[in-house]
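Encoded as structure tokens, the structure appears first; notes follow it.
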Amino acid sequence: MNDIGKRQFFTALGAWVLHFLFSIFVLLSSIWLCLALWIQKPGGWLVSSILIGIWISFSLSILGIYFFQSFFSRRKDIVIYIVAFIFSLVWYFNIPAKQDRDWSPDVAKIFSYERHGNLVTIHDIRNFNWHTEDQYDVHWDTRTYDLNHITGVSIITSYWMGPQIAHTLVSFSFSDQKPLVFSIEIRKEKNESFSAIGGFFRQFELSLIAADEKDIVYTRSNVRGEQVYLFPINMGKNEAKALFLQYLKKNDELHKHAKWYNTLTSNCTTLVFDMIQAIDPHHLPRDYRLLASGYLPNYLYDLNALNRQWDMQTWYQKAHINPRATKFDQYISQDSLDFSKLIRTGLPAPVLPQQIGQNIY
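Under UniProt numbering, the first residue of the sequence shown carries the number 1, and numbering increases by one thereafter.
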């Protein structure tokens, strides 16, 4: 092949690569925008359906014209499409998160607190009595906690859609008070339900719930039938206190500014990681298991945050609380402290050394 032939070949190859990449970009960006319009419904169902139809017609027209025009015209088509898509991104990223929607009762309140040194009084701790997933007695508590009396931190993982994905909760145990669980969740409106796809498209605001274990764990293990595991964590006592305070800080942020939940980047696991990183930026290595949250216990085991007396297979067997939690329905007394003791039966106590320098992992 002579030089002219080589130039023609590479010119044609470059044009083909450009065509391919632009086509993929139009396809993926159009799918993303149509899903965003469908979930956000600007102007309602009818308007969003019309907008989706217009965008599909526009993107198909751009592709059709693109493949039958000169190189100069093709560049104009690329610019036209990119400019239009940028306008759609401006619309999307300016959708405001709100605090004043008609919330579902279980996420209707964001807790508030008063702190005096190590004494923290928390208002609006959720302590519902759950009968079914949709039937419950509404009750919000006020409790006071002494951070010097923290005796342990536990990671609770609740599985509802396979081994890869789990909801992550963090429970703090105290020597003189019932355990307190913090859970980062979607803040759904009445008549809304969780959608993993909706979580990618600003369908739900972010909610931080402070709850009694019998409320937020029981409803998953005994009412919804999710598979729930409790892992006592080895953590320095000062770090445990700092993590508790990080939850209070996150709560302050949500009171000031509503935020969006994101299934991938701003969820129950990634935000816990971010809070721990705020305590010690060099402490935890990033890992794919922070996104595939169902494998979080394995990640903690590799960091020596779980007691090494068992391997992970044994840990999963021992940490599975459902066989124990189901027995609680037979108890005459339905005290939440009894529930917390029951789900910890057979598990080692967490190691909680005094100083950060003595931490286990």
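Every residue gets a Cβ at the ideal spot worked out from N, C-alpha and C, and that includes glycine.
In the displayed model, Phe93 falls within a helix according to three-state DSSP.
Note that the region 136-143 does not touch the region 228-247; fewer than 3 beta-carbon pairs, one per stretch, sit closer than 8 Å. A check of alpha carbon separations from Ser88 across Ser30, Leu254 and Ser61 identifies Ser30 as the nearest. Looking at the DSSP output, Ile186 shares a beta bridge with Leu206. Beyond the five residues adjoining it in sequence on each side, Gly152 comes within less than 7 Å, by CB distance, of Ser173, Pro232, Ala349, Pro350 and Leu352 in the same chain, given in chain order. Tyr229 has Thr157 and His320 as its beta-bridge partners, per DSSP.
Looking at the backbone, the Cα of Leu21 and that of Ile122 are separated by about 54 Å.
Distance check between Gln135 and each of Asn118, Leu119 and Arg224 places Arg224 closest, using alpha-carbon atoms only. Between Glu213 and Tyr159, the C-beta spacing is not below 8 Å.
Check the Cα spacing between Leu180 and each of Ile155, Lys188 and Ser193: the tightest is with Ile155. The beta carbon of Leu337 sits closer than 7 Å to the beta carbons of Lys178 from its chain, once the five residues preceding and following it are set aside; these are given in chain order. In the DSSP assignment, Phe174 falls outside any alpha helix (DSSP H) and lies within the beta strand (DSSP E) extending over Ala166 to Phe174.
Of the residues assessed, Pro297 falls on the buried side of the cut-off, its CB having 16 or more other CB atoms within 10 angstroms. By DSSP's assignment, Trp140 forms a beta bridge with Arg126. For Glu114, the enclosing beta strand (DSSP E) has its first and last residue at Ser112 to His116. Taking the CA atoms as reference points, Gly53 sits about 10 Å from Ser59. For Ser336, the uninterrupted alpha helix (DSSP H) run begins and ends at Ser336 to Ile343, by DSSP. Leu180 is bridged by DSSP to Phe172 and Asp212. The DSSP-derived three-state label of Leu347 is coil. DSSP, read as helix, strand or coil, puts Asp146 in strand.
Residue burial is scored here from C-beta neighbours: Asp252 has fewer than 16 other C-beta atoms within 10 angstroms and is therefore classed as exposed.
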